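Residue numbers (the working numbering): 53 to 507.
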């Protein structure tokens with residue numbers, strides 16, 4: 053229920069983003085390349101604002117209330133955006149939809165980490181975040197038909213794409229109503245009885261299916277002093293004084309993956325159309341294998357993040373993707389790639405990059421104390437999205453009219469270098485959090501006499 057109810061939100065996000073990336077609305081709204089990429093930037097800016105606002109609320113009023121509220125905001129923004137008849141109207145409601153999704157990142161990742169057993173936490177988090185690419189794949193298939201003028205009028209195909217998400221989202225809201233609040237959050241907010249009730253219900257369900265639950269070692273017991281709200285100065289103390297290396301790690305991983313992904317993904321269709329002459333409707337065909345590779349990466353590699361370990365796997369996935377992207381950039385510069393071969397390079401690169409990107413969210417959500425978990429995700433996500441918001445605009449300028457490949461080649465090499473830098477930071481500053489309880493990775497701030505690890 054947790055995986056379906058929470059993970060499928062990323063499917064909706066990927067679905068809508070792919071509809072936008074295919075830029076089917078460009079002709080209807082008479083938009084230039086810069087305006088198309090600016091629509092992506094507006095969406096990403098909305099994610100920043102939503103993440104900051106809703107991230108603080110998820111730590112204050114609870115995970116469950118927020119992952120229902122944020123989904124509702126996203127659905128409203130997405131649905132109304134489908135009614136756009138002007139560029140500015142599209143921008144406004146893309147911003148609202150982005151705000152909802154920005155809040156989703158904090159609430160969902162915090163909930164997953166606090167409800168999933170440590171042995172499986174890494175792979176489940178990666179798979180849930182990776183389902184975004186399932187939505188992209190569905191969106192890519194949909195655009196083949198929706199953007200084909202022989203099937204749907206040019207002015208209506210892309211609008212239908214925007215309406216699909218809200219319809220499916222209503223079902224998700226019903227599922228989410230049955231997902232429990234995080235017992236960890238309830239305990240740190242003076243709701244110990246409710247937390248105990250939730251845990252007892254989970255344990256009874258497991259025992260009724262014939263499984264035994266081993267006793268917990270008494271040494272794991274913690275004494276917690278509930279606290280409703282932490283002042284900002286205490287948050288700054290956590291990030292800058294208690295865990296400065298973890299802060300550098302989290303920001304680096306989030307920024308590097310966000311910049312590369314937004315740079316490539318939001319200009320994917322434009323590159324195919326500009327340099328390879330691929331049509332609007334056909335561009336979706338090339339996105340399907342790209343999305344499939346990005347979806348399979350977290351699914352097939354996720355288990356390794358729990359066995360080989362976070363630090364080694366993040367370094368490997370970031371590094372391998374960087375090398376492959378650099379090779380493809382060189383081949384693109386000498387004009388030996390076609391749309392199929394270029395897509396193959398991207399598929400392989402993002403098979404690894406997608407797993408690493410999902411692990412960035414996992415890392416940020418598990419290496420800080422529970423009292424600031426939602427805000428840690430929101431702050432680092434926001435910083436990353438600021439970099440990500442710049443990426444489509446920058447690469448849109450580099451693409452230009454397509455007369456010269458040189459500027460875009462340098463852009464691709466820059467993206468490769470940025471990913472390699474992220475992998476190196478993970479290798480030297482990464483935290484070996486695999487198979488550890490969250491309280492073993494970072495003590496609650498409200499624990500009596502908390503201990504602080506070296507990093």
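For every residue, glycine included, the Cβ atom is placed at its ideal position computed from N, Cα and C.
In this text, all values refer to a predicted model and were calculated from it rather than measured experimentally.
Tell me which residue opens and which closes the alpha helix (DSSP H) that residue i is part of.
{"i": "residue 310", "result": "296-317"}
{"i": "residue 166", "result": "139-167"}
{"i": "residue 187", "result": "184-198"}
{"i": "residue 432", "result": "425-451"}
{"i": "residue 285", "result": "284-289"}
{"i": "residue 120", "result": "115-133"}
{"i": "residue 259", "result": "244-260"}
{"i": "residue 325", "result": "320-328"}
{"i": "residue 229", "result": "No alpha helix (DSSP H) contains residue 229, which DSSP labels as neither H nor E."}
{"i": "residue 53", "result": "Note, residue 53: premise wrong, no alpha helix (DSSP H); not H, not E."}
{"i": "residue 370", "result": "362-385"}
{"i": "residue 410", "result": "391-418"}
{"i": "residue 458", "result": "458-481"}
{"i": "residue 493", "result": "490-493"}
{"i": "residue 292", "result": "Element bounds for residue 292: n/a, residue is neither H nor E."}
{"i": "residue 77", "result": "77-81"}
Evaluate residue i with the Cβ neighbour count: other Cβ atoms within 10 Å of its Cβ, from every protein chain shown; 16 or more gives buried, anything less gives exposed.
{"i": "residue 253", "result": "exposed"}
{"i": "residue 140", "result": "exposed"}
{"i": "residue 53", "result": "exposed"}
{"i": "residue 360", "result": "exposed"}
{"i": "residue 181", "result": "buried"}
{"i": "residue 394", "result": "buried"}
{"i": "residue 458", "result": "exposed"}
{"i": "residue 296", "result": "exposed"}
{"i": "residue 162", "result": "buried"}
{"i": "residue 303", "result": "buried"}
{"i": "residue 314", "result": "buried"}
{"i": "residue 275", "result": "exposed"}
{"i": "residue 382", "result": "exposed"}
{"i": "residue 284", "result": "exposed"}
{"i": "residue 158", "result": "buried"}
{"i": "residue 229", "result": "exposed"}
{"i": "residue 223", "result": "exposed"}
{"i": "residue 226", "result": "exposed"}
{"i": "residue 259", "result": "exposed"}
{"i": "residue 369", "result": "buried"}
{"i": "residue 287", "result": "buried"}
Measuring only the C-alpha atoms, how far is residue i from residue j?
{"i": "residue 366", "j": "residue 205", "result": "45 Å"}
{"i": "residue 270", "j": "residue 242", "result": "21 Å"}
{"i": "residue 482", "j": "residue 353", "result": "18 Å"}
{"i": "residue 374", "j": "residue 338", "result": "21 Å"}
{"i": "residue 415", "j": "residue 357", "result": "11 Å"}
{"i": "residue 126", "j": "residue 480", "result": "37 Å"}
{"i": "residue 409", "j": "residue 255", "result": "33 Å"}
{"i": "residue 128", "j": "residue 67", "result": "15 Å"}
{"i": "residue 264", "j": "residue 257", "result": "11 Å"}
{"i": "residue 323", "j": "residue 490", "result": "43 Å"}
{"i": "residue 57", "j": "residue 451", "result": "39 Å"}
{"i": "residue 192", "j": "residue 307", "result": "26 Å"}
{"i": "residue 325", "j": "residue 83", "result": "15 Å"}
{"i": "residue 445", "j": "residue 177", "result": "30 Å"}
{"i": "residue 364", "j": "residue 138", "result": "48 Å"}
{"i": "residue 168", "j": "residue 160", "result": "12 Å"}
{"i": "residue 443", "j": "residue 305", "result": "16 Å"}
{"i": "residue 292", "j": "residue 213", "result": "43 Å"}
{"i": "residue 456", "j": "residue 485", "result": "46 Å"}
{"i": "residue 201", "j": "residue 327", "result": "22 Å"}
{"i": "residue 411", "j": "residue 199", "result": "34 Å"}
{"i": "residue 62", "j": "residue 184", "result": "4 Å"}
{"i": "residue 216", "j": "residue 478", "result": "38 Å"}
{"i": "residue 179", "j": "residue 330", "result": "31 Å"}
{"i": "residue 77", "j": "residue 262", "result": "54 Å"}
{"i": "residue 449", "j": "residue 462", "result": "12 Å"}
{"i": "residue 238", "j": "residue 166", "result": "11 Å"}
To which residues does DSSP link residue i through a beta bridge?
{"i": "residue 499", "result": "276"}
Is residue i close to chain C, meaning its C-beta is less than 7 Å from at least one C-beta of that chain?
{"i": "residue 322", "result": "Note that chain C does not occur in the displayed structure, where there is just one protein chain."}
Can residue i be considered in contact with the ligand SAM, in the sense that its beta carbon sits closer than 6 Å to one or more heavy atoms?
{"i": "residue 368", "result": "Absent from the structure shown: the ligand SAM. Ligands present: none."}
Discussion item. Whether or not the stretch 429-437 and the stretch 336-347 are in contact is what I'm after, with contact meaning three or more pairs of Cβ atoms, one per stretch, closer than 8 Å; do they touch?
Written reply: no
Item to complete: Inspect the CB distances between the stretch 99-117 and the stretch 144-161 and report whether three or more fall short of 8 Å.
Response: yes
Item to complete: Taking 8 Å as the threshold, find out whether the stretch 453-470 comes into contact with the stretch 249-265 through three or more Cβ pairs.
Response: no
Worksheet entry | Touch test, the stretch 106-118 against the stretch 417-430, Cβ-Cβ under 8 Å, three pairs minimum | yes
Fill in: Contact between the stretch 115-123 and the stretch 169-177 (3+ Cβ pairs under 8 Å)
no
Item to complete: Give a yes or no on contact between the stretch 367-387 and the stretch 130-147, applying the rule of three or more CB pairs nearer than 8 Å.
Response: no
Worksheet item: Hey, is the stretch 272-291 in contact with the stretch 484-503, meaning 3+ C-beta pairs nearer than 8 Å?
Response: yes
Practice prompt. Flag this pair as touching only if the stretch 388-408 and the stretch 197-213 have three or more C-beta atom pairs under 8 Å; answer yes or no.
Written response: no
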